[in-house]
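One structure below.
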Amino acid sequence: MELLKKRILQDGKCFEGGILKVDSFINHQMDPVLMKSIGVEFARRFGSTNVNKIMTIEASGIAPAIMTGYLLDLPVVFGKKKSPKTIENALHTTVHSFTKDRQYDIVISSDFLTPADNVLFVDDFLAYGNAAIGVIDLVNQAGASLVGMGFIIEKEFQGGRKRLEDKGVTVESLAIIEDLSHCQIKIK
Ligand code: 5GP
0 MELLKKRILQ DGKCFEGGIL KVDSFINHQM DPVLMKSIGV EFARRFGSTN
50 VNKIMTIEAS GIAPAIMTGY LLDLPVVFGK KKSPKTIENA LHTTVHSFTK
100 DRQYDIVISS DFLTPADNVL FVDDFLAYGN AAIGVIDLVN QAGASLVGMG
150 FIIEKEFQGG RKRLEDKGVT VESLAIIEDL SHCQIKIK
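Next comes the structure, spelled out in structure tokens:
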């Protein structure tokens with residue numbers, strides 16, 4: 000997606016340890032016009048599948064997921080990182096966070112992830128694939144089906160795609176970062 004690639008090169012900042020900061024348009028301040036284009040692109044890539052629910056994880060996945068859900072006229076559900084006391088029929092999984100270097104739980108109610116759901120998972124980044132593998136676990140626990148996974152930015156050099164494709168998952172990324180070493184952003 001050319002618009003996104005241009006924006007990453009223009010406004011993205013590279014940090015030690017293979018971290019790309021896109022705080023000015025995705026992760027902190029958000030650009031709704033770009034986000035709409037991201038939704039259009041996910042809708043184009045997955046619109047002809049049997050998807051009937053969009054799933055993401057809070058917080059940064061919510062914006063692209065809601066845009067995609069709006070354009071495909073489908074419900075959107077997000078995994079929560081803190082389990083509310085009032086949650087009913089909770090499914091849990093544990094994920095290792097690469098950026099925060101710690102474990103966290105993702106919780107989702109089986110009221111909103113069910114065997115009737117054909118799920119498209121949408122998120123901001125694909126790095127090592129840990130969050131995505133946690134989502135596969137939740138989808139399996141719920142007895143739902145996974146249609147595919149769409150990421151705004153994939154860091155190819157961290158190997159997440161291979162882990163997911165080895166499990167038979169269809170992966171689509173809108174911008175693929177080949178390398179971030181020496182703090183230079185190299186996009187495919
Ligand atoms: P993974 O689970 O694939 O290793 O990492 C994906 C999650 O970690 C994403 O949901 C994202 O929140 C976060 N993440 C991974 N790499 C980066 C990065 O370079 N920049 C930012 N902003 N978040 C990242």
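Position 184 of the sequence shown, counted from 1, bears residue number 183 in numbering that gives the first Met the number 0, the numbering being contiguous throughout.
Glycine residues also receive a C-beta, built at the ideal position from the N, C-alpha and C atoms.
This one's a predicted model, so the numbers in the text were calculated from it and none came from an experiment.
- Boundaries of the beta strand (DSSP E) around ASN117: 117–125.
- In the structure shown, PHE97 falls within a coil segment according to DSSP collapsed to helix, strand and coil.
- For LEU19, the enclosing beta strand (DSSP E) begins and ends at 18–20.
- The shortest CA-to-CA distance from VAL94 to any of VAL134, GLU1, GLY149, ALA64 is the one to VAL134.
- Taking C-beta atoms under 8 Å as the contact rule, PRO63 and GLY38 qualify, at a distance of about 6 Å.
- Taking a 10 Å sphere around the C-beta of LEU8, we find fewer than 16 other C-beta atoms and assign the residue as exposed.
- Looking only at ASP122, ALA174, PHE111, the smallest Cα-Cα distance to ASN26 is reached by ASP122.
- The C-alpha of GLY149 is placed about 13 Å away from the C-alpha of ILE65.
- Taking non-hydrogen atoms of the ligand 5GP into account, the C-beta of LEU19 is found less than 7 Å away from one of them.
- About 4 Å separates the CB atoms of ALA141 and LEU112; that is less than 8 Å, so the two are in contact.
- Of the residues GLN157, THR92, ILE132, the one whose Cα lies closest to the Cα of THR169 is ILE132.
- DSSP places GLN9 in the helix class (H, G or I) of the three-state scheme.
- Going by DSSP, MET34 is part of the alpha helix (DSSP H) stretching over 31–45.
- For ARG6 and ALA115, the gap between their C-alpha atoms comes out near 38 Å.
- Straight-line measurement puts the Cα of ARG160 at about 15 Å from the Cα of LYS187.
- Relative to the ligand 5GP, the nearest heavy atom lies less than 7 Å away from the CB of SER96.
- Around the beta carbon of SER108, 16 or more other beta carbons sit within 10 angstroms, so the residue counts as buried.
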